[in-house]
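The structure appears below as C-alpha cells.
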Amino acid sequence: MADDVILKVRDLYRTYDIKGGMFKKASTLTAVKGVNLDVERGTTLAVVGESGCGKSTLARMLTMIDAQTSGMIEIDGLSIDISKTGISKEMRQKVQIVFQNPYGSLNPRQKIGHVLEEPLLLNTDMPSAERRDLALQMLEKVGLQPEHYGRYPHMFSGGQRQRIAIARAIMMKPKLLVLDEPVSALDLSVQAQILNLLADLQEEMGLTYVFISHDLSVVRYIADKVMVMYFGEVVEYGTRDEVFENPQHDYTKTLFAATPRADVASIRKRLAAKAA
Amino acid sequence: MSLLEIRNLKVEFDTAKGPFKALDGVDYTVDAGEVLAIVGESGSGKSVAMLATMGLLPNTATITADKMEFEGLDLRTLSAKERRRVIGKDISMIFQEPIASLNPCFTVGFQLSETLKTHMGMKGRQARDRVVEILTSVGIPNPAERLSAFPHQMSGGQCQRVMIAMAISCAPKLLIADEPTTALDVTIQKQILDLLVQLQQDSGMGLIMITHDMGVVAETADRVIVQYKGRKMEEADVLSLFENPKNPYTRALLSALPENATGKRLPTVSDFAEAGGF
C-alpha cells in the first residue's frame with residue numbers, strides 16, 4: 001500500500017444557522033467541530049458515531065454537496081472550498097458517494113444503463129457508444145448481467161440496487177469513495193456480498209474509502225483506520241487495532257460495551273447471570 | 277400447557293401472479309417466562325407468522341393452521357370482537373418504527389391511557405396515575421410532564437419506550453417485539469433490550485423477539501427459531517445454536533457475521549446454498 005495521503009482535512013468546521021421565530025431566538029448549531037484527518041491511498045477510514053454526531057455532515061462536505069464553514073479539505077492534492085471556487089469537473093471526478101438507502105437513491109423512472117451513464121454524460125464529452133460499453137463493463141464488474149442495462153430500479157432487490165449505486169459511483173473512476181452506511185439497510189448475507197464486492201473493487205482500482213457506519217462489527221472487519229465522532233467532535237482516532245484494543249474515550253468504551261456480542265462465551269455468561 | 281401453541285401454520289397471499297406462500301407449515305410454542313427469538317432475513321416469514329397470530333394480516337392472506345391456541349383459546353375461530361378483547365391486553369406487540377407507530381395528532385399520555393380505558397375500565401385520575409407509573413418503569417425522565425408531549429417532541433429511543441409502555445400497560449402474558457431496536461442507535465438499542473429483558477423477567481411474561489440481528493438473539497433469547505423462505509430451518513436453545521449450529525443455513529448466517537470473519541473474504545449464504553442444498 002502506498003504511503004501517500006489522498007485525503008487531508010484540517011480544522012474543519014460546519015455550522016448551521018437555525019432561524020428564529022416568533023417565540024424562538026435565532027441560534028447556530030455546530031455540526032462538525034474541528035475535524036482533522038489523513039487517509040492514505042488505497043486504505044479505508046471508518047467513521048463511527050450515533051445519529052446526529054455529524055458523520056453525514058462530514059460526508060456531505062467531503063463529497064462537495066455542502067460547503068465547509070471553515071477549515072481545509074484537500075483531495076488528491078486539490079484544495080476544495082466550494083463556497084469560494086465552485087466545483088469543477090476535475091473535482092467531481094475525484095470523489096463519489098454511495099448512500100444508505102438503495103431504494104431512495106435511484107430514480108425510479110430511469111433505466112439502469114442511463115443511471116450509470118449519467119455521470120459520464122454530465123462530466124465528460126465521451127460519445128454515447130463508448131459510454132454504453134463502459135456501463136456494460138461496469139455492470140459485470142459489480143456482479144450484474146448485461147441484460148440488466150435496460151431494466152428499471154424496481155425490478156431489483158435491495159442488494160442489487162446497492163450494487164448499481166456502487167457502479168454509478170465508480171463510473172467516473174474516482175480516487176475517493178464515500179460510503180454513507182452502505183450496508184445498514186441490507187440483510188446479513190447480502191451485507192457480506194456487498195462488503196466482499198467493496199474489498200474486490202478496492203484492490204482492483206486502488207480506491208480509497210471513507211466508510212461511515214454505526215455497526216462496529218462491520219467497521220472492525222473493513223477499516224484500516226477508525227474515527228469515532230460524538231456531538232460533532234472527534235473523540236477517538238487511530239488505527240483499527242489501537243481503537244479496538246485500547247479505546248481511550250469514555251464514549252468509545254460505552255459504544256463497545258453496547259454492541260451486542262454473538263460469541264459463545266458471552267452467551268454462557270449471560271445465561272449464567274440469568275440463572276443466578 | 278404452553279402459553280402460545282401453533283402447529284403447521286401456513287400463510288398464503290393472493291397476488292396478481294397467483295398465490296404466494298409466505299409461510300409453509302411452521303410450528304411455534306412459547307411458554308410463560310420464556311424468550312423466543314425468531315430470526316431470519318427479509319422474506320423469511322418471521323413477521324408474517326406473528327401478524328397472523330395477532331390477526332393483523334390483510335384480507336388477501338389465507339391463514340391455515342392445525343392448531344393455534346393462546347392459553348387454550350382457539351385463535352382461529354375468534355370473532356373480531358372477541359379478538360379485540362385479547363389483543364392489546366393479553367397479547368401485545370411492539371413494532372420496528374417507534375415514531376411511525378404512534379399517532380402524531382395525540383399526546384403520549386392520551387395514547388397510553390386509551391389502552392387502559394379500553395381494556396381495564398380505568399378512568400380519569402386513576403388511568404393517569406397508572407400511565408405515570410408505567411412511564412417511570414420504562415425509564416422516561418419526568419413522566420408526569422411528558423404526558424402532554426407529542427411523539428415528534430421525543431427522540432426515537434423515547435418513542436420506543438412509550439411503545440413498550442403501551443404494550444405492557446395491561447400486564448400482557450405474551451409480548452411480541454418485531455425488530456424493536458432496528459431503527460435505533462447501538463447505545464439506545466442496548467438500553468431498550470435491557471429494559472425488555474428486565475420487564476420480561478420481573479413479570480414472567482412470554483416474549484417473542486423477531487429480529488434479523490444475530491447479536492440481538494445472542495443477547496436476549498432462551499430459544500431460537502431460524503427461518504428461511506417461509507420454512508423453519510432450525511430450532512434450538514441459544515447456546516447450542518451458536519455453539520453447534522446443525523442446519524447449513526444457520527451456519528451460513530453465523531459465518532456471514534463480520535466478527536466471525538477469518539480471511540479477507542466473508543462467506544455468503546449463496547456459498548453455502550450450493551453445498552447445503554436449502
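Chains as they are written, first to last, in the working numbering: chain F, 1 to 276; chain X, 277 to 554.
Here a beta-carbon is modelled for each residue, glycine too, at the ideal position from N, C-alpha and C.
Find the residues of chain X that neighbour residue i, judging by a C-beta separation of less than 9 Å, and give them in chain order.
i         : result
THR252(F) : The premise fails here: THR252(F) is roughly 11 Å from chain X at the closest Cβ pair, so nothing lies under 9 Å.
LEU207(F) : Within 9 Å Cβ-Cβ: nothing; LEU207(F) doesn't reach chain X, min ~16 Å.
What three-state label does DSSP hand residue i in the structure shown?
i         : result
GLY49(F)  : coil
ALA276(F) : coil
PRO543(X) : coil
GLN202(F) : helix
ALA337(X) : strand
ARG283(X) : strand
TYR230(F) : strand
VAL384(X) : helix
ASN520(X) : coil
THR43(F)  : coil
GLY158(F) : helix
Along chain F, which residues have their Cβ under 8 Å away from the Cβ of residue i?
i         : result
GLN465(X) : ALA258, PRO260
PRO543(X) : ALA192
ALA532(X) : LEU188, SER189, GLN191, ALA192
PHE518(X) : ALA262, ASP263, VAL264, ILE267
ALA537(X) : TYR221
Under the rule that 16 or more other beta-carbon atoms within 10 Å means buried, what is residue i, buried or exposed?
i         : result
LYS84(F)  : exposed
ASP461(X) : buried
SER128(F) : exposed
GLY400(X) : exposed
HIS154(F) : exposed
LEU29(F)  : exposed
GLU495(X) : buried
MET481(X) : buried
SER88(F)  : exposed
PHE382(X) : exposed
THR208(F) : buried
Could you tell me whether the Cβ of residue i comes closer than 8 Å to any Cβ of chain X?
i         : result
VAL142(F) : no
MET1(F)   : Residue placement at MET1(F) is flagged as unreliable, the pLDDT there being 45, under the threshold of 50; the coordinate-derived value follows with that caveat. With 8 Å as the cut-off, MET1(F) does not count as an interface residue toward chain X.
VAL264(F) : yes
ALA199(F) : yes
LEU58(F)  : no
LEU271(F) : yes
TYR152(F) : no
HIS148(F) : no
ASN196(F) : yes
HIS214(F) : yes
If you draw a straight line from the alpha carbon of residue i to that of residue j, how long is it in whole angstroms?
i         : j         : result
LYS111(F) : LEU134(F) : 15 Å
ILE370(X) : GLY232(F) : 32 Å
LEU285(X) : TYR304(X) : 9 Å
ALA59(F)  : ILE80(F)  : 14 Å
LEU332(X) : ARG268(F) : 36 Å
GLU373(X) : ALA459(X) : 7 Å
MET430(X) : ARG422(X) : 9 Å
ALA26(F)  : TYR230(F) : 24 Å
GLY385(X) : ARG437(X) : 13 Å
PRO427(X) : LYS365(X) : 22 Å
ALA46(F)  : SER355(X) : 54 Å
THR353(X) : THR487(X) : 29 Å
MET1(F)   : GLY42(F)  : Note that MET1(F) scores a pLDDT of 45, beneath 50, so its modelled location is shaky; the value from the coordinates is reported in the next line. When rounded, the distance between both Cα atoms is 7 Å.
ALA313(X) : ASP489(X) : 10 Å
ASN196(F) : LYS225(F) : 18 Å
ARG132(F) : LEU37(F)  : 38 Å
THR239(F) : SER217(F) : 15 Å
ALA337(X) : TYR504(X) : 19 Å
Interface residues of chain F around residue i at Cβ under 9 Å?
i         : result
ASP454(X) : The contacting residues do not exist; ASP454(X) stays about 16 Å from chain F at best.
HIS488(X) : ASP187, LEU188
GLY491(X) : SER217, THR259, PRO260, ARG261, ALA262
ALA325(X) : The premise fails here: ALA325(X) is roughly 18 Å from chain F at the closest Cβ pair, so nothing lies under 9 Å.
Using a cut-off of 8 Å between C-beta atoms, extract the partners of residue i located in chain X.
i         : result
ARG268(F) : LEU515
Any beta-carbon of chain F closer than 8 Å to the one on residue i?
i         : result
LEU529(X) : yes
SER318(X) : yes
ALA494(X) : yes
PHE218(X) : No statement about residue 218(X) is possible, as the shown extent of chain X runs from 277 to 554 and does not include it.
PHE296(X) : no
Check the Cβ of residue i against every Cβ in chain X and list those closer than 7 Å, keeping chain order.
i         : result
SER51(F)  : ASP461
HIS277(F) : Only positions 1 to 276 of chain F appear in this structure, which leaves residue 277(F) out of reach.
LEU255(F) : VAL462, THR463
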